[in-house]
């Protein structure tokens, strides 16, 4: 009996991860069972595209996170669960929800505003983007990945930031797809939020394993357009940020005494 209670206590630590995974699994299974025609209609109705948003369908900002059109569920769900569980164990359930929601909704609205501006200025045509498919968990996942930034040990943090930012910028520059832009925006939003999340709990072997799987999943989400370019850019970005961080620590101005600590972007590196 004590083993059962112990297992339940561990599962309770990742209750939001399990709840989201269960809902997404049920929705995905139901759509597969109902067939391609119904699936297409549901995806079209749930998409956070300009057509739906311009008609006041703001419910898509929430519903689209539970309708995933990313291939077989057994391919992406384990990686997503590890990413969310890692964040929930590190920051707690409420901050996981905050990071995911801010990334999903915030990035969606910012991308929509960018697309609307592009249509207004004649850079894009309305028919080309108005009914584009835009559902899934990738924006939220990218934000959760970014929210792990301040959980990284201090000596890992510059490489972590440089790696992910370089990948996001490179993929946007090459792909020029609004989804890639959304991933990059959500990643930055998550990084900014992580600066307000305080100090995480200590690392454990389980969290290190989850981090490895979560980082691999995040890489597949962000670098899907061009993995070769993304990898090369990530290595360069990580090396550059590490070099800058070392230079800051070695600089005479980098260790000021007698001053009160400040919270700024410099704390990230």
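Residue numbers (my numbering): 8 to 276.
Heads up, the beta-carbon is just placed ideally off N, CA and C, and yes, glycines get one too.
Around the beta carbon of residue 251, fewer than 16 other beta carbons sit within 10 angstroms, so the residue counts as exposed. For residue 201, the closest C-alpha among the options 232, 109, 176, 214 is that of 109. Between the C-alpha atoms of residue 26 and residue 256 there is a straight-line separation of about 43 Å.
If you draw a straight line from the Cα of residue 97 to the Cα of residue 158, it is about 7 Å long. Judged by DSSP secondary structure, residue 58 falls within the alpha helix (DSSP H) whose first and last residues are 57-61. Residue 162: not part of any alpha helix (DSSP H); DSSP gives it neither H nor E. Between the segment 126-142 and the segment 158-174, the count of Cβ pairs shorter than 8 Å is below three; the stretches do not touch. Note that the C-beta distance between residue 54 and residue 67 is below 9 Å. Out of 151, 211, 60, the CA that lies nearest to the CA of residue 101 is found in 151.
Here residue 72 has 111, 144, 147 as same chain residues with Cβ atoms under 7 Å from its own Cβ, once five neighbours each way along the sequence are excluded.
Assigned with DSSP and collapsed to three states, residue 182 falls in helix. For residue 244, the secondary structure class from DSSP, reduced to helix, strand or coil, is helix. Secondary structure note for residue 105: its alpha helix (DSSP H) is the uninterrupted segment 100-108.
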